[in-house]
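K.L.:
Attaching a single structure in structure tokens format; questions to follow.
In this note's numbering, the protein residues as written are 28 to 163.
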């Protein structure tokens with residue numbers, strides 16, 4: 028069973044879920060603080076930044092999580108977890124930077140995007156290797 032053999036990747040996955048929860052909570056808090064009534068997603072600039080952080084992080088998590096688990100399954104748990112951890116750190120830096128000042132989001136975004144690319148390449152390489160008969 029993949030979950031039982033990938034505890035590091037499972038831990039990173041839980042941290043990613045925690046990040047998603049944190050961004051959702053920040054949006055909820057922002058709605059209250061800036062009096063933005065649902066379903067509105069605009070109004071105060073700080074709220075709009077919090078909302079964009081949440082949506083952008085969710086968009087990237089949907090792509091990253093499958094790559095994370097494919098990397099764990101077809102490469103190694105520690106490799107997947109390390110790259111997932113870098114992605115997570117980049118997303119946290121992105122979230123904090125963007126919430127403070129949109130001009131400060133680039134470094135975190137770049138770190139996350141590069142980690143995602145590495146996960147995708149590792150996962151794709153692992154799957155391809157298995158398809159052509161490498162490994163068992």
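Glycine included, every Cβ here is placed at the ideal spot set by N, Cα and C.
Only a predicted model underlies this, so the values are computations on that prediction, with no experimental measurement involved.
1. Below 8 Å, how does it come out for the stretch 92 to 107 and the stretch 50 to 62: are there three or more Cβ pairs, yes or no?
2. Among 33, 71 and 78, which one has its Cα closest to the Cα of residue 48?
3. Compare the Cα-Cα distances from residue 29 to each of 145, 115 and 95 and report the closest residue.
4. Could you give the distance in angstroms between the alpha-carbon of residue 130 and the alpha-carbon of residue 141?
5. How big is the Cα-Cα spacing for residue 36 and residue 128?
6. Which value, in whole angstroms, describes the spacing of the CA atoms of residue 53 and residue 101?
7. Can you tell me whether residue 91 is buried or exposed, with buried defined as 16 or more other CB within 10 angstroms of its CB?
8. Quick one: measure Cβ to Cβ for residue 84 and residue 40, integer angstroms, because I've assumed they're closer than 8 Å.
9. DSSP on residue 59, reduced to helix/strand/coil?
10. Going by the CB atoms, is the gap between residue 121 and residue 136 shorter than 8 Å?
P.N.:
Put simply:
1. Flag = no, the stretch 92 to 107 and the stretch 50 to 62 do not touch.
2. Closest option to residue 48, Cα to Cα, is 78.
3. Of the candidates 145, 115 and 95, the one whose C-alpha sits nearest the C-alpha of residue 29 is 95.
4. Cα to Cα, the separation comes out at about 19 Å.
5. One C-alpha to the other measures close to 31 Å.
6. Approximately 35 Å, taken between the alpha carbons.
7. That one is buried.
8. Not a contact, Cβ separation roughly 14 Å.
9. Secondary structure of residue 59 (DSSP, three-state): helix.
10. For residue 136 and residue 121, yes; Cβs fall inside 8 Å.
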